[in-house]
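Shown next, in structure tokens, is the structure this report addresses.
Structure (structure tokens):
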């Protein structure tokens, strides 16, 4: 079963700007990471005047989502996204990695405190489709280090943030192979196969 | 006159692996950054059994080189490349930024100790064509910070090196706009316009 880690990074490798937290989802300047998600400039207060994801961004995203049967995210991402208003926006069950598994949450989420257990439950729930790992960076690094990731989908936003949370922190060495590229004004999306023998 | 900074980075943003030095050009594991230059795996001892740059890598590179009338590199890059055997392999004059301007060197190179002076001489020498800034990272960052770069060409190699010299070091914030993408097994090449108003 395929496991796909996917995340958006800046040109300098950050998945957030500085000071990311609930209500300031991707940190200072970090909203530029997700211009491709919203189809253009947007703000944390929700102001924008465009039609949402479009073009090659949508081609990339729709093809990815169509492959996915369940997902895993870290608690930090879940909280930063405000639990997506209480409803899981992704296909299938969403496993949330957290040490506070007893916290109340909507039925569309399953709280677990161990990546191995999250992968086991996500693979059971995926119905033969792929499992996605959506972040944060620590969850993706942990899964890569454990050899549990088959594909890495990196969306690179055309911005140098200068600070924030880095995707890679020096703990990993990996060889990967590019499979496909989509590009728009707001991102270059590259799907990579993870080559375990090169790690 | 257009000034183009171009360099190859790993997925985690390094332009070399650790321990780069003369005879070990791009450091430990860093030869994978330039598989696209040589058309496949190569070693610092020069062993390979393939035909050199090809396909989309060559399309990207040839189009870039055709635009360039002169270039600038740092002394570190010049030394790491062994002065390219004493002959400048790039179009036109190559300005080398160095504090040791009196050191002996081939006529194809001009040694200067100031980026502003290098840019002035390179633009004079370019004959109306573009000036390239080829690295190292410090020269590119200095030129970006000074607002002297119009285009940033990043070739991203499909490898996570874990350590080395980073292209970005937290000193810069920039908005850029993707203009063109070429991709191969060994690199994803993206030409970005540098948007000064976003810096």
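Protein chains in written order, with my numbering: chain Z, -19 to 179; chain V, -19 to 179.
Glycine included, C-beta positions come from ideal geometry on N, C-alpha and C.
Answer yes or no: do residue 142/V and residue 153/Z have a C-beta to C-beta separation smaller than 7 Å?
Yes, they are a contact pair.
Once DSSP output is grouped into helix, strand and coil, what is the label at residue 15/V?
The answer is helix: DSSP assigns residue 15/V an H, G or I state.
Could you work out which residues of chain V lie near residue -7/Z, taking near to mean beta carbons separated by less than 7 Å?
What residue -7/Z touches in chain V: -8, -7.
Check whether chain V comes within 7 Å of residue 100/Z, counting only Cβ atoms and requiring the distance to be less than that.
Not a single C-beta of chain V is nearer than 7 Å to the C-beta of residue 100/Z.
With a cut-off of 7 Å, does the C-beta of residue 154/Z fall near any C-beta of chain V?
Proximity of residue 154/Z to chain V, defined by a Cβ-Cβ separation below 7 Å, is satisfied.
Find the nearest neighbour of residue 92/V within the set 104/V, 72/V, 161/V, 55/V, judged by alpha-carbon distance.
Of the candidates 104/V, 72/V, 161/V, 55/V, the residue whose Cα lies closest to the Cα of residue 92/V is 55/V.
Just curious, the alpha helix (DSSP H) that residue 103/V is in, first and last residue?
Per DSSP, the continuous alpha helix (DSSP H) segment holding residue 103/V begins and ends at 95 to 105.
Going by C-alpha to C-alpha distance, which of -5/Z, 10/Z, 38/Z, 18/Z sits closest to residue 31/Z?
For the options -5/Z, 10/Z, 38/Z, 18/Z, the alpha carbon positioned closest to that of residue 31/Z is the one of 18/Z.
Looking at the structure shown, is residue 172/Z part of a helix, part of a strand, or coil, going by DSSP?
DSSP places residue 172/Z in strand when its eight states are reduced to three.
How long is the line joining the alpha carbons of residue 53/V and residue -8/V, rounded to whole angstroms?
C-alpha separation (whole angstroms): 23 Å.
I'd like to check one pair, residue -11/V with residue 168/Z: are the Cβ atoms closer than 7 Å?
No.
Residue 77/V in three-state terms, based on DSSP
DSSP places residue 77/V in strand when its eight states are reduced to three.
Do you know how far the Cα of residue 48/Z is from the Cα of residue -19/Z?
Their backbone Cα atoms lie some 11 Å apart in a straight line.
Chain-ordered chain V contacts of residue 172/Z [CB-CB under 9 Å]
Identification of chain V residues near residue 172/Z by a Cβ-Cβ cut-off of 9 Å yields -9, 138, ordered along the chain.
Alpha carbon to alpha carbon, how far is residue 2/Z from residue -16/V? Give it in angstroms, no decimals.
Separation of residue -16/V and residue 2/Z (C-alpha to C-alpha, rounded to the nearest whole angstrom) is 39 Å.
Mind the definition here: the region 107 to 118 of chain V touches the region 147 to 165 of chain Z only if three or more C-beta pairs lie below 8 Å; say whether that holds.
Output reads no: the region 147 to 165 of chain Z does not touch the region 107 to 118 of chain V.
Residues bridged to residue -12/V [DSSP beta-bridge criterion]
Residue -12/V is bridged to 135/V.
So who's on the other strand from residue 112/V, going by DSSP bridges?
According to the DSSP secondary-structure assignment, residue 112/V is paired through a beta bridge with -16/V, 51/V.
Residue-level contact to chain V via CB, residue 148/Z, 7 Å cutoff:
Chain V has a Cβ within less than 7 Å of the Cβ of residue 148/Z.
With burial defined as no fewer than 16 other Cβ atoms inside 10 Å of the residue's Cβ, what is the status of residue 176/Z: buried or exposed?
Label assigned to residue 176/Z: exposed.
Would you say the region -3 to 11 of chain Z touches the region 121 to 134 of chain Z, given that touching needs at least three Cβ pairs under 8 Å?
Touching, no.
Distance cutoff 7 Å, beta carbons only. Does residue 161/V sit that close to anything in chain Z?
Residue contact check for residue 161/V against chain Z: a CB pair falls below 7 Å.
Since residue 141/Z meets chain V, which of its residues come closer than 8 Å, beta carbon to beta carbon?
Residues of chain V passing the Cβ test: 153.
Residues of chain Z with CB closer than 8 Å to the CB of residue 176/V, please, in chain order.
Near residue 176/V there are no residues of chain Z at all, since even the closest Cβ is about 13 Å away, more than 8 Å.
Close-in-space but distant-in-sequence residues of the same chain around residue 106/V (CB under 7 Å, 5 per side omitted)
Within the same chain, and ignoring the five residues on either side of residue 106/V in sequence, the residues whose Cβ sits closer than 7 Å to its Cβ are -19, 49, 50, 72.
What residues of chain V sit near residue 23/Z, judged by a beta carbon separation below 8 Å?
Correct list: empty, because the minimum Cβ distance to chain V is about 15 Å.
For residue -2/Z, go through chain V and note every residue whose CB falls closer than 7 Å to its CB, in chain order.
Chain order gives no chain V residues near residue -2/Z, where near means a beta carbon separation below 7 Å; the closest approach is about 10 Å.
Could you check the C-alpha separation between residue 38/V and residue -14/V for me, to the nearest Å?
Computed Cα separation, rounded: 15 Å.
Which chain V residues are close to residue 73/Z, counting only those with a beta carbon under 8 Å from its beta carbon?
Residues of chain V passing the Cβ test: none, with the nearest at roughly 29 Å.
Are the beta-carbon atoms belonging to residue 174/V and residue 132/V less than 7 Å from one another?
The criterion of a C-beta distance shorter than 7 Å is satisfied by residue 174/V and residue 132/V.
Alpha carbon to alpha carbon, how far is residue 44/Z from residue 59/V? Give it in angstroms, no decimals.
Taking the straight line joining both Cα atoms gives about 45 Å.
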